[in-house]
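Novice:
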Amino acid sequence: MSFAYVDDVLPGHGSLPPRAWYAASSAGSLSLNGQWRFRLAPAVDTYDESFAAEGYEADGWSEVTVPGHWVLQGDGAFGSPAYTNHLYPFPVDPPHVPTENPTGDHLRTFDLPDEWPADGAATLRFDGVESCARVWLNGTDIGEFKGSRLPHEFAVGHLLRPAGNVLAVRVHQWSSGSYLEDQDQWWLPGIFRDVTLLHRPADCALDFFVHAAYDHTTGTGTLRVDSDVDGRIAVPELGVDAATGDAVTVPVEPWTAETPRLYAGTLDTGGERVPLRIGFRTVVLDPADGLIKVNGTPVLFKGVNRHEWHPEHGRALDLETMRRDVELMKEHHINAVRTSHYPPHPAFLDLCDEYGLWVIDECDLETHGFIEQGWRDNPADDDRWTPALLDRAARMVERDKNHPSVVLWSLGNEAGTGRGLTAMAEWIRGRDPERLIHYEGDLNCRDTDVYSRMYADHAEVERVGRGLDGGPASRRALPFILCEYAHAMGNGPGGLADYQRLFETYDRLQGAFVWEWIDHGVKDEGRYGYAYGGDFGEELHDGNFVCDGLLFPDRTPSPGLVEFGKVIEPVRITVDAAAGTVRVTNRYDFRDLSHLSFTWSYEVEGEAVEAGTLSVPRLGPGEAAEVKLPPSPDGGQWTVRARDADGQEVAWGQSAAPSLPVQPERFEERPVRAGRLVTLGPAAFDARTGALRTVGGVEVVAPRLDVWRAPTDNDEGGSWQGRERLGLQWREFGLHRMQHRLDGVELGDDALTVRTRVAPAGRDIGLRTVYRWTADAERLRLTVSVAPEGDWRIPLPRLGVRLGLPGGADAVRWFGGGPGEAYPDTRSAARLGVWRSDVDALQTPYVRPQENGARADVRWAELGGLRIDGDPEFWFTARRWTTEHLDAAAHRTDLVPGDTVWVNLDHAQQGIGSQSCGPGVLPQYRLTPSPAQFAFTFRVLA
Ligand code: IPT
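So the sequence shown is residues 111 to 1052, counted in my numbering.
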């Protein structure tokens, strides 16, 4: 037995040269997906190779589903997933891997279908196996391979027989390839993409390269299909019927992500007809202005980083899940995807062609763990590894080259710098000079066509936009993108709108990709809800850093996605109520607005009183127009919406909120002492403490000052960051254990005044807090005055009061921002209106529980029989557990409803930022302690 291939730096032996992938053709194929016999061994050499021989009886073997990861099957009997961000989960000694190398032997038998032609050739294709596989067919060793998220094909025709074929695949979790696959994700071994047997008739297609350029100056497309096997190309709709290798120029409609026009065609090589979907487009880096242009027009990427994820199946995604991703992206106006950090299932790119998304296709290469040793021994800078790197580059480019959606090739992620990367770039340029090259890890941009960064803060991005970024001159000539920004871990990301303003202001900034699309939570209904790093007892792990997406693991959009969708909406609608006008700006790069219809509504107190349609001139990309609104009385608010032909809202805008009605101070009831109580209007208080007991008969847990929130992942900040980490500092200052000292309860003529000082043990900082209660016969008003004392060097998490209502409180109605959660720097999607919900639905179920669920700009809220009016507007939060419970919870299942509904009425909130892996909260969203006064009026609902 030889296992030298496992830690051999070379990529493999026996496979066919890589070539274009296509979903189907006239040639027959047989899916080998399904149930396979399976046996797991703790080491490469636990079992010999006899299982691959014909006639082997797999007695006592288990089964797994292919495609799939064995660690996600067998209820824990086949090991567990393990999560690390960048640390290798084994000793770093390239190219060696541990003796304890889980090895899964897979076996299946198959018969050829009756209609399978008797003549010869066939190819066995693996679309993805992690991380190293050795393959036998009918007892013959046909080769072995590495490169987990890349296809590998073998010629097997000579080995096939009509029935009883035995396919044996031995998969090793760890191999030299693991050193090249150190992406921030779960380690998930297995045959996780399709296995297919392809009939290869005589004169079948081999590899072919569809070149479909668009000339925007003439409106023509030029098609040339280079094919290893000569044949004919037909595109009936264009009247094209040409030989392979010949160029044909015809008038066409171009392909863009906004207008994904595809032409159906075929490649016919005599023995095989391959359907083509041709999109004509030309991508260049324009030397005149240093911008990435498609069909002559600069593009702005409004992108996401997409890992493949399914909460039960890991990276084994079915077509419906891929389609769901694309549909959700389109619904939220996302126009670009970086396939972080490996080529996706090839069918995903078909969907990108069809629905329209710009794609940065990224190679399956990351060596991030070498950063721990200052990049010494980095495979990306070691000639011995270069063949493996080139193999990966070729497998990606050859597989995906016929997709119009792919506009940039990315060499990989976080692989340092080095000769191997340069070799990849040179090879790619030679093979496909019609696309651009991306790589972020080299600040000198030696191999790339774009200056790409991750997590740069707003100020730096602005400097780059202005061309003040310094660096090598060659880099200054390049366009800029953020291949990662706005780390969407937990609550957030904050600051998206502020970034978008920069991207729209400076041409050189060609957009950005949110990190990342989906939380990689592993479904674990009973125990955790969703598991994250550490939940499987991993030796090394990075906790919930694996849950940092815009979608929850079950693909429910998080508030972050709703915010992102609003920030990047393709039409900007700005309503000026005073001028009676609305300004409509077309923010598409290619489309006019003729597919949209516009309506207005005029709302008073959040309810529409009048509505109508708005006629907006046909605006081309980048154009804007001012449109008159009908005359209206004062005091209301305008909402203008744009909808597509299906009635889907594509954009909206509101006029500035009308000012709050001034409440005349007619709260003249007198507080009266009655035994242990003080009564005041509809309320009763504890006479000793001044604490509110009841209002209009409703028992309450008295409101008192609250500054604490369960720190968000962005409050906590990344451990490696030198930045101010607020979650830690807040605890250090004791903001989670503030003490409330009572300094006096005073009964005045028309007010009950309670004087306090709120401060943490061990510190001299504090908040002088005065509660002034006034009332009329029905209404009770609380005015809170806060004055900070001492040297507050940190912002407050929040500033407001918390009170408790009886647990029966459920239905909620409010007039304010909604329908979803919002914080100072995540509030673009909140629109003013009257909203209804219930307490459970107000919660945002972050995989690791943390502060969530605030509603912005609330003017009044009704809950538990009470109506609360704010003066001024407030942030409203209600939950069935306390902030302390929320703070202590590690998983959703730790949150157990109690018998009180806790309500926070906040005058202010600290922003969210994106410091879980990026910049913190911008200065304008910081809650700096300063004197404040705010009021709430309570009354019982009839
Ligand atoms: C960056 C990685 O490219 C990405 O894979 C992911 O780990 C992300 O961070 C954080 O979630 S690397 C960053 C530590 C600079």
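Each residue gets a CB set at the ideal place from its N, CA and C atoms; glycine is no exception.
What do you get for E809, buried or exposed, if any count of 16 or more other CB atoms within 10 angstroms of its CB means buried?
Specialist: Classification of E809: exposed, given that the 10 Å Cβ count is below 16.
Novice: When you measure from the CB of G828 to every non-hydrogen atom of ligand 1, does any distance come out below 8 angstroms?
Specialist: Under cutoff, so the answer is yes.
Novice: Quick check: G926 and R977, are their CB atoms within less than 9 angstroms of each other?
Specialist: No.
Novice: Residues in its own chain within less than 8 angstroms of G355 by CB, not counting five upstream and five downstream?
Specialist: So the list reads R334, V335, D336, S337 and D340, once near-sequence residues are dropped.
Novice: Tell me the rounded alpha-carbon separation between R142 and C242.
Specialist: According to the sequence provided, residue 142 is Leu. The question's Arg does not apply to it. If you take the alpha carbons of L142 and C242, they lie about 19 angstroms apart.
Novice: Please name the residue, chosen from G659, S742 and D702, that lies closest to T691 on a Cα-to-Cα basis.
Specialist: Nearest option by C-alpha distance: S742.
Novice: Are at least three pairs of beta-carbons, each pair with one atom in the stretch 274-294 and one in the stretch 242-251, less than 8 angstroms apart?
Specialist: Yes: at least three Cβ pairs fall under 8 angstroms.
Novice: Check for me: the beta strand (DSSP E) holding E173 runs from which residue to which?
Specialist: S172 to V176 is the extent of the beta strand (DSSP E) around E173.
Novice: Could you check whether N445 and G461 sit closer than 9 angstroms to each other, using their CB atoms as the reference points?
Specialist: Reading off the sequence, residue 461 comes out as Leu, not Gly. Contact: no.
Novice: Would you call the CB atoms of P907 and R819 closer than 9 angstroms?
Specialist: A contact, by the Cβ cut-off of 9 angstroms.
Novice: Thinking H179 and D294 are a contact (beta carbons under 8 angstroms), I'd like their distance in whole angstroms, please.
Specialist: So it is not a contact: roughly 17 angstroms between Cβ atoms.
Novice: Relative to the C-alpha of Y933, which candidate in R851, G389, V957 and S1024 has its C-alpha closest?
Specialist: Nearest of R851, G389, V957 and S1024 to Y933, Cα basis: S1024.
Novice: Can you tell me the Cα-Cα spacing of T194 and D652, whole angstroms?
Specialist: Computed Cα separation, rounded: 5 angstroms.
Novice: Tell me the DSSP secondary structure of Y609 in three-state form.
Specialist: Of the three classes helix, strand and coil, the one that applies to Y609 here is helix, per DSSP.
Novice: How far does the alpha helix (DSSP H) with E536 in it reach, from first residue to last?
Specialist: Run containing E536: R529 to R541, per the alpha helix (DSSP H) assignment.
Novice: Could you tell me the distance, in whole angstroms, from the CA atom of Y166 to the CA atom of S160?
Specialist: Rounded to the nearest angstrom, the two C-alpha atoms are 7 angstroms apart.
Novice: Hey, could you find the ends of the beta strand (DSSP E) V436 is sitting in?
Specialist: Here V436 belongs to no beta strand (DSSP E); instead the alpha helix (DSSP H) covers L429 to E441.
Novice: Does the distance from the CB of V782 to the CB of I683 come in under 9 angstroms?
Specialist: Not closer than 9 angstroms, so no.
Novice: Pick helix, strand or coil for C462, following the three-state DSSP scheme.
Specialist: Residue state, collapsed to three classes: helix.
Novice: Taking contact to mean 3 or more Cβ pairs, one atom from each stretch, closer than 8 angstroms, check whether the stretch 787-802 and the stretch 985-995 are in contact.
Specialist: Because the criterion of three Cβ pairs below 8 angstroms is not met, the stretch 787-802 and the stretch 985-995 do not touch.
Novice: Spatial neighbours of V685 within its chain, please: C-beta separation below 7 angstroms, excluding the five flanking residues on both sides.
Specialist: Result list for V685: V692, W748, V750, G763, Q764 and S765, in chain order.
Novice: Looking at the structure shown, is W840 part of a helix, part of a strand, or coil, going by DSSP?
Specialist: Helix, per DSSP.
Novice: Using the Cβ count rule (16 or more neighbours within 10 Å means buried), how would you classify P1007?
Specialist: Exposed, because fewer than 16 other Cβ atoms sit within 10 Å of the Cβ of P1007.
Novice: For the alpha helix (DSSP H) that contains H417, what are its first and last residues?
Specialist: Note, H417: premise wrong, no alpha helix (DSSP H); not H, not E.
Novice: Is the closest heavy atom of ligand 1 to the C-beta of W478 under 8 angstroms?
Specialist: In the sequence as presented, Trp is not what sits at residue 478; that position holds His. Under cutoff, so the answer is yes.
Novice: Buried or exposed for P201, please, with buried defined as at least 16 other CB atoms from any protein chain shown within 10 angstroms of its CB.
Specialist: Label assigned to P201: exposed.
Novice: Does DSSP put H478 in a helix, a strand or coil?
Specialist: In this structure, H478 counts as helix in the three-state DSSP scheme.
Novice: Cβ of V266 within 9 angstroms of Cβ of R218?
Specialist: Cβ atoms of V266 and R218: not closer than 9 angstroms.
Novice: At which residue ranges does the stretch 721-752 contain complete beta strand (DSSP E) runs of 3 or more residues, listed in the order of the chain?
Specialist: The stretch 721-752 contains these whole beta strand (DSSP E) runs: 734-738.
Novice: Please tell me whether, using a cut-off of 8 angstroms, the distance from the CB of W485 to the nearest non-hydrogen atom of ligand 1 is below it.
Specialist: No, since every heavy atom of ligand 1 falls outside the 8 angstroms radius drawn around the Cβ of W485.
Novice: If you check the beta carbons only, do R1049 and Y638 fall under 9 angstroms apart?
Specialist: No, the pair does not count as a contact, with Cβ atoms beyond the cut-off.
Novice: Just the Cα atoms here: how many angstroms apart are G580 and V922?
Specialist: Roughly 54 angstroms between the two C-alpha positions.
Novice: So what does D758 bridge to, in DSSP terms?
Specialist: Sequence check: residue 758 is Gln here, not Asp. BP columns for Q758 are empty, so no partner.
Novice: Does S135 pass the burial test, meaning 16 or more other C-beta atoms within 10 Å, or should it be called exposed?
Specialist: Classification of S135: buried, given that the 10 Å Cβ count is 16 or more.
Novice: Rounding to the nearest angstrom, what Cα-Cα distance links G253 and G124 in this structure?
Specialist: One C-alpha to the other measures close to 5 angstroms.
Novice: Please determine, among L521, G575, A533 and A569, the residue with the shortest C-alpha to C-alpha distance to G551.
Specialist: Answer by Cα proximity: L521.
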